[in-house]
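What follows is a short report on a single structure.
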Amino acid sequence: MKFRTAGAVRHSAVNGPGIRYVLFFQGCPHHCRACQNPETWDPHAGRVSDTEDIIADILSTRYLDGVTLSGGDPLWQPEAARCIAQAVREKGLNVWAYTGWTWEEILAGRAGQAREVLPYLDVLVDGPFVLAKKDGTAVWRGSSNQRLIDVQASLAAGRMILLESDTHSPISYD
Ligand code: SF4
Numbered sequence: 000m001k002f003r004t005a006g007a008v009r010h011s012a013v014n015g016p017g018i019r020y021v022l023f024f025q026g027c028p029h030h031c032r033a034c035q036n037p038e039t040w041d042p043h044a045g046r047v048s049d050t051e052d053i054i055a056d057i058l059s060t061r062y063l064d065g066v067t068l069s070g071g072d073p074l075w076q077p078e079a080a081r082c083i084a085q086a087v088r089e090k091g092l093n094v095w096a097y098t099g100w101t102w103e104e105i106l107a108g109r110a111g112q113a114r115e116v117l118p119y120l121d122v123l124v125d126g127p128f129v130l131a132k133k134d135g136t137a138v139w140r141g142s143s144n145q146r147l148i149d150v151q152a153s154l155a156a157g158r159m160i161l162l163e164s165d166t167h168s169p170i171s172y173d
């Protein structure tokens with residue numbers, strides 16, 4: 000499946016726990032003020048990639064703990080995000096994704112087909128970057144409105160459950 004990417008980092012230690020392959024999707028509709036990657040906004044820019052090639056590259060990369068789908072907004076190309084997340088998760092890699100949509104927007108269907116990616120994610124970092132809520136102490140997120148969501152626990156419970164960022168243990172969120 001063809002889709003657009005902005006780039007990739009094969010070994011990253013700053014986009015989730017452990018050593019992670021970070022794939023930057025091209026295209027983002029959110030246009031957050033002070034976004035650090037505005038070159039990823041244009042859905043027609045970047046390069047055309049193939050999901051099978053990306054999956055093969057990830058699975059041939061050694062010493063990985065997981066994969067992080069970033070951008071841009073990976074959930075703006077939900078079919079490719081789902082395809083990659085499903086394939087690498089089946090091989091034992093945990094999958095994180097960053098999105099500018101909130102969990103509630105995704106579940107309400109206001110993010111296109113993004114909801115179909117959720118069954119293949121371990122953690123979703125949700126919501127836009129909000130400059131007024133920029134928080135340099137927040138782990139793995141840029142502003143305090145963004146949440147680290149334990150996706151599998153949330154889907155099983157039928158309510159959002161956050162991941163406690165320093166221990167990775169799930170905590171209830173009501
Ligand atoms: S969602 Fe992320 S990539 Fe998109 S504009 Fe906001 S900060 Fe930038």
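Quick note on numbering: the sequence shown equals residues 0 to 173 in numbering that gives the first Met the number 0.
Virtual Cβ for every residue (Gly too), placed ideally from N, Cα, C.
Item                                                                                                                                                                        : Value
Please identify the residue among V13, L123, F2 and A12 whose C-alpha is closest to the C-alpha of G26.                                                                     : F2
Could you name the residues, in chain order, whose CB is less than 6 angstroms away from a heavy atom belonging to ligand 1?                                                : C27, H29, H30, C31, C34, N36, T39, G70, G71, D72, G99, P127 and F128
Using CA atoms only, rank isn't needed, just tell me which of G17, L58, D52 and P37 is closest to D72.                                                                      : P37
Count the other C-beta atoms from every protein chain shown that fall within 10 angstroms of the C-beta of Q76, then say buried if there are 16 or more, exposed otherwise. : buried
Opposite T176 in the DSSP bridges: which residues?                                                                                                                          : The structure shown does not extend to residue 176, since the chain spans only 0 to 173, so no value can be given for it.
Run through the DSSP bridge pairs and tell me what L130 is partnered with.                                                                                                  : L130 pairs with nothing; no bridge assigned.
What is the DSSP secondary structure of A55, counted as helix, strand or coil?                                                                                              : helix
Is it true that the CB of Y97 sits closer than 7 angstroms to the CB of V116?                                                                                               : no
What does DSSP give as the partner residue(s) for Y62 in the beta ladder?                                                                                                   : Beta-bridge pairing links Y62 to no other residue.
Starting from A174, trace the beta strand (DSSP E) both ways and give me its first and last residue.                                                                        : This structure leaves residue 174 out entirely; the chain is present only between 0 and 173.
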